[in-house]
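Down below is the structure, laid out as structure tokens.
In our numbering, the protein residues as written are 90 to 321.
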């Protein structure tokens, strides 16, 4: 099987009314650059904050919530520092040309519209796969490998996605996901290097960064590189 031209890393975030999946897509070359840049950021944070281990995981959710090794930032007077660290991580991705995506579903609207709606996570997952596939087509990329955090918690989804390859995704943006690699990967301890990019995603999916209102209109640019496309 040929090597992937690009990689996309997905993570989820949800609340009672809305469900989101965020993604970061990078080419092989971009991933190498971002990987090295995150290592440099890790080292600089260790030098600045002696409380941090030298090889700490830069997990955006833990940083924003001041959890685990980041508990020393729990004081509300240091929330600005949490934001600066998180924004710095996203800026690294932006500088190397990574593409970010956010897809969201209005859960109440989904339930109103359909008598037997698909699960919100499946809806947002296929929406973001459609967006990534369109991006790959536009960039001339033949194969995008997907790493999706928590995917192993949703049995049956891989079979559903395989069905989409044969008959297309439902809805007005139907796609056979021709540029998406046949296998979707969940995060495992053995994928530490690849999954380093997954730790960026809670920044995008966290309440701090979500669009303030879920819309059903066409996507609009967000910060130049993100494409929020929250749909029912």
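Every residue gets a Cβ at the ideal spot worked out from N, C-alpha and C, and that includes glycine.
Predicted model only: the values in this text are computed from it and were never measured.
I think residue i touches residue j, with their Cβ atoms under 8 Å apart; what is that distance to the nearest whole Å?
| i | j | result |
| --- | --- | --- |
| residue 264 | residue 222 | 5 Å |
| residue 214 | residue 110 | 6 Å |
| residue 212 | residue 107 | Their Cβ separation, rounded to whole angstroms, is 12 Å, which puts residue 212 and residue 107 out of contact at 8 Å. |
Which residue comes first and which comes last in the beta strand (DSSP E) that contains residue i?
| i | result |
| --- | --- |
| residue 108 | 107-116 |
| residue 205 | Element bounds for residue 205: n/a, residue is neither H nor E. |
| residue 225 | Residue 225 -> not in any beta strand (DSSP E); alpha helix (DSSP H) instead, spanning 209-228. |
| residue 175 | From DSSP, residue 175 is part of no beta strand (DSSP E) but of the alpha helix (DSSP H) over 168-184. |
| residue 273 | 269-274 |
| residue 95 | 95-103 |
| residue 236 | 233-237 |
Does the distance from the CB of residue i to the CB of residue j come in under 8 Å?
| i | j | result |
| --- | --- | --- |
| residue 141 | residue 134 | yes |
| residue 230 | residue 94 | yes |
| residue 240 | residue 246 | yes |
Classify residue i: buried if its beta carbon has 16 or more other beta carbons within 10 angstroms, exposed otherwise.
| i | result |
| --- | --- |
| residue 151 | buried |
| residue 190 | buried |
| residue 192 | buried |
| residue 256 | exposed |
| residue 105 | exposed |
Considering residue i, what are the terminal residues of the alpha helix (DSSP H) in which it resides?
| i | result |
| --- | --- |
| residue 191 | Premise fails: residue 191 lies in the beta strand (DSSP E), 188-195, not in any alpha helix (DSSP H). |
| residue 149 | 149-154 |
| residue 246 | 246-256 |
Quiz item: Using 8 Å as the threshold, is the region 216-234 in touch with the region 167-186, meaning 3 or more CB pairs across them?
Solution: With the cut-off at 8 Å, the region 216-234 and the region 167-186 do not touch.
Quiz item: Would you call the region 90-103 and the region 174-181 touching, i.e. three or more CB-CB distances under 8 Å?
Solution: Flag = no, the region 90-103 and the region 174-181 do not touch.
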